[in-house]
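2 protein chains.
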Amino acid sequence: MTQIPSIDEVLQARERLKGHAVVTPLIESPTLNALSQGRVLIKAECLQRTGSFKFRGAWNCISRLDPDKAKGGVVAYSSGNHAQGVAAAAQMMKLPALIVMPEDTPEIKKANTRAYGAVIVTYDRNREDREEIANGIARERGAVIVPPFEHAEIIAGQGTSGLEAIEQAAERDARLDAVLIPAGGGGLTAGNTLAFSAKSPATEVHTVEPEGFDDHARSLESGKRERNAKASGSICDALLSPAPGELTFAINQPRLAQGLVVSEAEVKRAMVFAFEHLKLVIEPGGAVGLAAVLAGKIPTRGRSIAVIASGGNVDPAFFAEVLKGR
Amino acid sequence: MTQIPSIDEVLQARERLKGHAVVTPLIESPTLNALSQGRVLIKAECLQRTGSFKFRGAWNCISRLDPDKAKGGVVAYSSGNHAQGVAAAAQMMKLPALIVMPEDTPEIKKANTRAYGAVIVTYDRNREDREEIANGIARERGAVIVPPFEHAEIIAGQGTSGLEAIEQAAERDARLDAVLIPAGGGGLTAGNTLAFSAKSPATEVHTVEPEGFDDHARSLESGKRERNAKASGSICDALLSPAPGELTFAINQPRLAQGLVVSEAEVKRAMVFAFEHLKLVIEPGGAVGLAAVLAGKIPTRGRSIAVIASGGNVDPAFFAEVLKGR
Numbered sequence: 061m062t063q064i065p066s067i068d069e070v071l072q073a074r075e076r077l078k079g080h081a082v083v084t085p086l087i088e089s090p091t092l093n094a095l096s097q098g099r100v101l102i103k104a105e106c107l108q109r110t111g112s113f114k115f116r117g118a119w120n121c122i123s124r125l126d127p128d129k130a131k132g133g134v135v136a137y138s139s140g141n142h143a144q145g146v147a148a149a150a151q152m153m154k155l156p157a158l159i160v161m162p163e164d165t166p167e168i169k170k171a172n173t174r175a176y177g178a179v180i181v182t183y184d185r186n187r188e189d190r191e192e193i194a195n196g197i198a199r200e201r202g203a204v205i206v207p208p209f210e211h212a213e214i215i216a217g218q219g220t221s222g223l224e225a226i227e228q229a230a231e232r233d234a235r236l237d238a239v240l241i242p243a244g245g246g247g248l249t250a251g252n253t254l255a256f257s258a259k260s261p262a263t264e265v266h267t268v269e270p271e272g273f274d275d276h277a278r279s280l281e282s283g284k285r286e287r288n289a290k291a292s293g294s295i296c297d298a299l300l301s302p303a304p305g306e307l308t309f310a311i312n313q314p315r316l317a318q319g320l321v322v323s324e325a326e327v328k329r330a331m332v333f334a335f336e337h338l339k340l341v342i343e344p345g346g347a348v349g350l351a352a353v354l355a356g357k358i359p360t361r362g363r364s365i366a367v368i369a370s371g372g373n374v375d376p377a378f379f380a381e382v383l384k385g386r
Numbered sequence: 061m062t063q064i065p066s067i068d069e070v071l072q073a074r075e076r077l078k079g080h081a082v083v084t085p086l087i088e089s090p091t092l093n094a095l096s097q098g099r100v101l102i103k104a105e106c107l108q109r110t111g112s113f114k115f116r117g118a119w120n121c122i123s124r125l126d127p128d129k130a131k132g133g134v135v136a137y138s139s140g141n142h143a144q145g146v147a148a149a150a151q152m153m154k155l156p157a158l159i160v161m162p163e164d165t166p167e168i169k170k171a172n173t174r175a176y177g178a179v180i181v182t183y184d185r186n187r188e189d190r191e192e193i194a195n196g197i198a199r200e201r202g203a204v205i206v207p208p209f210e211h212a213e214i215i216a217g218q219g220t221s222g223l224e225a226i227e228q229a230a231e232r233d234a235r236l237d238a239v240l241i242p243a244g245g246g247g248l249t250a251g252n253t254l255a256f257s258a259k260s261p262a263t264e265v266h267t268v269e270p271e272g273f274d275d276h277a278r279s280l281e282s283g284k285r286e287r288n289a290k291a292s293g294s295i296c297d298a299l300l301s302p303a304p305g306e307l308t309f310a311i312n313q314p315r316l317a318q319g320l321v322v323s324e325a326e327v328k329r330a331m332v333f334a335f336e337h338l339k340l341v342i343e344p345g346g347a348v349g350l351a352a353v354l355a356g357k358i359p360t361r362g363r364s365i366a367v368i369a370s371g372g373n374v375d376p377a378f379f380a381e382v383l384k385g386r
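Quick mapping for you: the protein sequence lines, in order, are chains W and B. Using my numbering, read the first sequence as starting at 61 and increasing by one per residue. Using my numbering, read the second sequence as starting at 61 and increasing by one per residue.
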């Protein structure tokens, strides 16, 4: 386990990201406010470079590599969004990137990863170990592994989204009562936990997960890292990590409020709501926070709730099906 | 013809809109910048209250009405976005609203207008005169007409989008070489013309229109207000005004650079691009500026171009078809 990053590392990450990552807007919708009888502030990470927050951590990590030591480039394993973040960051640093991706990754994520110049190797999510494959390739190539969440620099980079959200909320005189964060391995949550603990300690931090992949919610209840029964089978392809990370859970556990869980129908409803009322394209895994608000999984009346819409990389054909099925 | 508004009226409108309208983000996409070899800054008015810029003008006008004189409420004629802006502003001012809408208006626009508490009366776009119908109803009800563009307060309200874009671009050290504005009756363009003339005089201001409804482009060439041959038959339902307004053209003509024209295929391509790369839902009429950039209708290399994405109110079923047809 690498070391737990400090808030200073999150602040340093922000400096490193300046001019490279997008300072994504915190979007407030009068319609959603009226519906929730409170204030809901959407941190639109779908508008981030590469379409998800993952670029933040990837850039924070990869931009610091010593070019002489990193000649073999970088290797990552990812369900898709981390892949794009790593590929784009590596391309900007003129380093080769190889990504180990599940076979069932949405086509848009594979295509975009290739478009950033990366080479893709696929594996079977149910039968193969992605870390083993990636480690083998990294050894062969003399490449640096960029893990999706178990890494101080990755976590610190993801935390910059929380720093921005806190400041953007303050600019609008919103004191955040809670923040809702989609959780896969818990890296985005861990970064935000660091940011909120230091800069907005009164804000409750909640993970949000899809049914069947509620490892954080169960782990928070039991007090130890619980695994999911399945490795695939959710539309929320970005949130299918088998269990909370060791490092991320060490950061998150002491700080998190109850974990929230939403159904696929609630996620689809949130995607359609975002289309109709927010005019944002949010992928299933990125829409779980909004789904929790719309489904009444957290009290909103008279409160200010930040929701991280963590990504927008969704296949057009699938999105069209969701719109038609509404 | 009412009087030409001054920049002071645009500045006053901004004060009036504070806390009521959304200060929409100016969104910059690394992908789009790379593609255009310049900087493209999208003013995301699809994220505005009611899903289009129209709320700005409607609020600027309706919030100033004397409640004693406006007991009969407000009446508007609109292809849809102005209807929603007027209905929402009237509802916020606790005034009744009646909207005269074409029969072929997208369902989402009718439904949303009703959701803001307005009554809808439909007419046939090809055979009936909407102004006549609206004027008759307004006389009967003792209501105030809120015209879609031929009105100083409406134009001043729309111009606040330009003021914001100029300031937001300056915050990012972008000197705007040009701004692209979707044009129907020319109200958004007129407001922006006032804003850019006063605050960013070196910026070229271009209208953008769909093929067959290029009344501004032709009027700018001939020097007089030209009419469109057809009244309907474009996917860009927000841009089907028969001709430039008298007042709006008086403001726009001395200031505008060449009018740009895009095809339906180019508009659809821009909508899909916005979905895939910007993660924004933009309606056809709102996507003409982005379409012009993507289709190379204006030089972008080494330049900074602002594009007003004027609205995002598009029927889900139609949007799904556009995604599937890509």
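No residue lacks a Cβ here, since even glycine has one placed at the ideal position from N, Cα and C.
Around the Cβ of residue i, are there at least 16 other Cβ atoms within 10 angstroms (buried) or fewer (exposed)?
| i | result |
| --- | --- |
| residue 213/W | buried |
| residue 69/W | buried |
| residue 207/W | buried |
| residue 78/B | exposed |
| residue 202/B | exposed |
| residue 63/B | exposed |
| residue 359/B | exposed |
| residue 287/W | exposed |
| residue 290/W | exposed |
| residue 76/B | buried |
| residue 74/B | buried |
| residue 199/B | exposed |
| residue 191/W | exposed |
Please check if any C-beta of chain B sits within less than 7 Å of the C-beta of residue i.
| i | result |
| --- | --- |
| residue 90/W | yes |
| residue 208/W | no |
Would a C-beta distance cut-off of 7 Å place residue i and residue j closer than the cut-off?
| i | j | result |
| --- | --- | --- |
| residue 98/W | residue 362/W | yes |
| residue 303/W | residue 278/W | no |
| residue 297/W | residue 167/W | no |
| residue 315/B | residue 265/B | yes |
| residue 110/B | residue 144/B | yes |
| residue 349/W | residue 106/W | no |
| residue 159/B | residue 136/B | yes |
| residue 91/W | residue 337/W | yes |
| residue 244/B | residue 299/B | yes |
| residue 253/B | residue 312/B | yes |
| residue 65/W | residue 295/W | no |
| residue 307/B | residue 210/B | yes |
| residue 258/W | residue 219/W | no |
| residue 177/B | residue 246/B | no |
What three-state label does DSSP hand residue i in the structure shown?
| i | result |
| --- | --- |
| residue 206/W | coil |
| residue 262/W | coil |
| residue 88/W | strand |
| residue 82/W | coil |
| residue 125/B | coil |
| residue 201/B | helix |
| residue 381/B | helix |
| residue 249/B | helix |
| residue 366/B | strand |
| residue 100/B | strand |
| residue 110/W | helix |
Can you find a CB in chain W that lies within less than 7 Å of the CB of residue i?
| i | result |
| --- | --- |
| residue 366/B | no |
| residue 384/B | yes |
Quick check: is the beta carbon of residue i nearer than 7 Å to any beta carbon in chain D?
| i | result |
| --- | --- |
| residue 154/B | Although the question refers to chain D, the structure presented lacks it and instead comprises the protein chains W and B. |
With hydrogens ignored, establish whether the beta-carbon of residue i is closer than 6 Å to any heavy atom of the ligand MG.
| i | result |
| --- | --- |
| residue 378/B | Among the ligands in the structure shown, none appear at all, so the ligand MG cannot be discussed. |
Practice problem: Would you list, in chain order, the members of the segment 230-245 of chain W that have their beta-carbon closer than 7 Å to a beta-carbon of chain B? | Solution: If you check each beta-carbon in the segment 230-245 of chain W against every beta-carbon of chain B, none falls closer than 7 Å.
Quiz item: Given a limit of 9 Å on CB to CB distance, which residues of the segment 318-341 of chain B reach chain W?
Solution: 332, 334, 335, 336, 337, 338, 339, 340 and 341
Quiz prompt | Residues of the segment 368-382 of chain W whose Cβ lies closer than 7 Å to any Cβ of chain B, in chain order | solution = 372, 376, 377, 379 and 380
Quiz item: Any residues in the segment 90-110 of chain B with a beta carbon nearer than 7 Å to a beta carbon of chain W? Which ones, in chain order?
Solution: 90, 106, 107 and 109
Quiz item: Can you list, in chain order, the residues of the segment 173-186 of chain B whose Cβ is nearer than 8 Å to any Cβ on chain W?
Solution: none
Quiz item: For the segment 77-88 of chain B, which residues have a CB atom closer than 8 Å to at least one CB atom of chain W, in sequence order?
Solution: 82, 85, 87 and 88
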